[in-house]
Structure formats: structure tokens, C-alpha cells
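Those letters in the sequence shown? Residues 1 to 305, per this note's numbering, in order.
Glycine is no exception: its CB is placed at the ideal position from the N, C-alpha and C atoms.
Okay, structure first, notes after.
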Amino acid sequence: MVEKGLVPVLEHAAEQGLVMDMQDLFQRFTFDITCILATGYNPRCLSIDFPDVEFSKAMDDTEETLFFRHLTPEWFWKLQRSLRIGQEWKMQRAWKTLDRLSAEYISRKRKQLSNQSPLPENGSDGVDLLTSYMSDAEIMGSKPDDKFLRDTIINLLLAGRDTTSSALTWFLWLVSKNPQVESKIREELKEIIPTDEAENWRIFNPQELNRLVYLHGALCESLRLYHQFLPAQGPSPGRCASKRAPRPRTCLGKEVAFIQMKTVAAAIIHNYHVQVVEGHPVSPNVSIILQMKHGLKVRISRRWV
Numbered sequence: 001m002v003e004k005g006l007v008p009v010l011e012h013a014a015e016q017g018l019v020m021d022m023q024d025l026f027q028r029f030t031f032d033i034t035c036i037l038a039t040g041y042n043p044r045c046l047s048i049d050f051p052d053v054e055f056s057k058a059m060d061d062t063e064e065t066l067f068f069r070h071l072t073p074e075w076f077w078k079l080q081r082s083l084r085i086g087q088e089w090k091m092q093r094a095w096k097t098l099d100r101l102s103a104e105y106i107s108r109k110r111k112q113l114s115n116q117s118p119l120p121e122n123g124s125d126g127v128d129l130l131t132s133y134m135s136d137a138e139i140m141g142s143k144p145d146d147k148f149l150r151d152t153i154i155n156l157l158l159a160g161r162d163t164t165s166s167a168l169t170w171f172l173w174l175v176s177k178n179p180q181v182e183s184k185i186r187e188e189l190k191e192i193i194p195t196d197e198a199e200n201w202r203i204f205n206p207q208e209l210n211r212l213v214y215l216h217g218a219l220c221e222s223l224r225l226y227h228q229f230l231p232a233q234g235p236s237p238g239r240c241a242s243k244r245a246p247r248p249r250t251c252l253g254k255e256v257a258f259i260q261m262k263t264v265a266a267a268i269i270h271n272y273h274v275q276v277v278e279g280h281p282v283s284p285n286v287s288i289i290l291q292m293k294h295g296l297k298v299r300i301s302r303r304w305v
């Protein structure tokens, strides 16, 4: 997805000297990847023309409404819902869209499995979650509930899109403001590349990514900085806790998210110069996801010819 989805858009922006919103770019990238992992279908949200994607827009409206409910009295948003007005009306329309598109994914997958046809070219090379659920249910002699499949798809898409894209956006902004960190990351990348390929365009493989200790640390630091949070019953910030094994409530997609972030960060930092547009305001948006209020507008240029 990086080489066939993200890179062509970055190359186009570099060639044309365009100002690009990296937050929008990362959202589209993570949505495509998560959709492929969940359903086996690539919506091609990330392309040069930045198309409108119905599913993604419905997710935005849903998140906006969920946050709205936390800011208003319960009677108020329930009144809006009963009268089908305001933010709640947007929520109802968004859910209809999510229901319809999820049903299409499920129906298409059932037909594909019944025909024993191969995965489509615009899908993933491996087995997606939807295929896994349906195949396992067939082996057990049962039929998975459509509502369960729908809820699983939507849950994964909501969890996998905004979290990773938001983390990448803040990380890239922090790196642009701390050139010494960018230099150290590039030095680390240079160390794992053969000498004769040090100044060539490159996408890093999983084995190479595992060796990027400083990059991993920089990503973790950006997650710690934005936004600072200490639970009321949490430990003191000055108290060091010993390393703990993953617990039952550990994010299931944590490792996948880190692989995505390191792959994208390494590709961008090694192959491109990223300059935030002068005067561009950077502040957090009031939302259930810590996104940038005005996006992250940058100019991209190649490091290698």
C-alpha cells in the first residue's frame, strides 16, 4: 500500500509543487489499509484526485455526533433524534450509509466464497477478517449473523483509521519542528542500508523496520506528548514502572499500527523533505480523536533524483 498508494500521491505533489494536507493523506491511507484487512476490498480512498468516499464521510459524521452527545444534555440530543433534525439527523443518515455499504461488502464476500473465486485484484493478497469469520462459520456448520459482521467491520474501521493517521500527523509535525531528531532518524536509516544504496529511493521491509530503535522511540514520544494525560487514580509521573506484559485490554491492533507508522515514517523521512507551510496554525481539534483542527499543510520535495 505504501509503494502503490502513498508514494504515487507524494510523487505527484513533489512534481507539481502542491501544498498537501498530510492529515487528510494519512486518513485516506489508513482507511484503505484497514478496509483491506477487514473486508478484502480496497476503496481506493487514497489517490491523486482525492475522491470523496461515502463510507469515510459517514464515519466522520458518526464521530462528530458521538462527541456532540457528550457536550449536550441527554434530553436535547434525544429530542433532535426524535424530530430528525440537527446533528442527530446526520447520525441517522450516516448509519444508513454504514449499514448499506457494510451489507454490500458482506453480500459480495458471500458470493465470492460460494463461487470459490479468487480475491479481486484490488483486494489484499492474504485472508481478510471477513473471509476468516465466514470460512470458520462454514466449517462449524453455522452462518455468521450479518449484524455481528457489520458491527465488526465498522468497529475495525473506526479503530484503525483515525488513531494511526492522527499519530502520524502529530509525529510528522514534531519532526519538522525538531530537525535534530529528523537527522538522527536519517542516520539510523542510513546505517541499515547497504552503502551503495544509501542515496537511493527506498521502501523499508519489516526486518529493517525492526532495527529502527530510535524511530520507534520517537513515535512513542510523540504519542506521549500529544496529548498529555494522567488518570486521576494513575501513578505519579515521576514513578518508574517496571515493564509489564500485555494485559487483556491491550489494543489488539497495537503492533499492526506501529508497523504502519514506522513504514510510512521511514519512507517519508528517507525519501522526501517535508516543510510545513509558513504560518500554518497547528492546534488540536475538539473531538473524540486528537486531530489537528486545520490539518497539516506541507510542501513535499524529493531527496533523491
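On the CB-based measure, 16 or more other CB atoms within 10 Å of its CB, does Asn178 come out buried or exposed?
Burial is judged here by how many other beta carbons sit within 10 angstroms of a residue's own beta carbon; Asn178 has fewer than 16 and is exposed.
How is the alpha helix (DSSP H) around Tyr272 delimited, first residue to last?
Run containing Tyr272: none in the alpha helix (DSSP H); it sits in the beta strand (DSSP E), 272-276.
Would Pro8 be called buried (16 or more neighbouring beta carbons within 10 Å of its own) or exposed?
Label assigned to Pro8: exposed.
Would you grab the beta carbon distance between Thr65 and Lys90 for me? Rounded to a whole angstrom, and I think it's under 8 angstroms.
Rounded, the Cβ-Cβ distance is 6 angstroms, consistent with contact.
Can you list, in chain order, the residues of its chain with a C-beta nearer than 6 angstroms to that of Leu209? Leave out the 5 residues immediately preceding and following it.
A distance below 6 angstroms between beta-carbons, with the five flanking residues on each side excluded, links Leu209 to the following residues of its chain, in chain order: Lys262.
Determine the burial state of Asp151: buried for a count of at least 16 other Cβ atoms within 10 Å of its Cβ, exposed for fewer.
Label assigned to Asp151: exposed.
Length-filtered (4 minimum) alpha helix (DSSP H) runs lying within the stretch 42-108:
Entirely contained in the stretch 42-108, the alpha helix (DSSP H) runs reaching 4 residues are, in chain order, 54-71, 74-83.
Rounded to the nearest angstrom, what separates Glu187 and Leu83 at their Cα positions?
Cα-Cα distance, rounded: 59 angstroms.
On the CB-based measure, 16 or more other CB atoms within 10 Å of its CB, does Leu156 come out buried or exposed?
Burial call: buried.
Hey, out of Asp145, Gly17, Thr30, whose CA is closest to Leu6's CA?
Selected option, being the one with the closest Cα: Thr30.
Measuring CB atoms only, is the stretch 250-257 touching the stretch 191-209, in the sense that at least three cross pairs come out at less than 8 angstroms?
In this structure the stretch 250-257 does not lie against the stretch 191-209, because fewer than three pairs of beta carbons, one per stretch, are closer than 8 angstroms.
Burial state of Pro43 (16 or more Cβ within 10 Å)
Classification of Pro43: buried, given that the 10 Å Cβ count is 16 or more.
Hey, how far is the Cα of Val19 from the Cα of Pro206?
Separation of Val19 and Pro206 (C-alpha to C-alpha, rounded to the nearest whole angstrom) is 30 angstroms.
What residue does the beta strand (DSSP E) around Ile203 start on, and which one ends it?
Following the DSSP letters along the chain, one finds Ile203 in no beta strand (DSSP E), marked with neither H nor E.
Take Ile203 and list the residues in its own chain whose beta-carbon comes closer than 7 angstroms to its own, dropping the five residues that flank it on each side.
Cβ within range, chain order: Val2, Glu3, Ala267.
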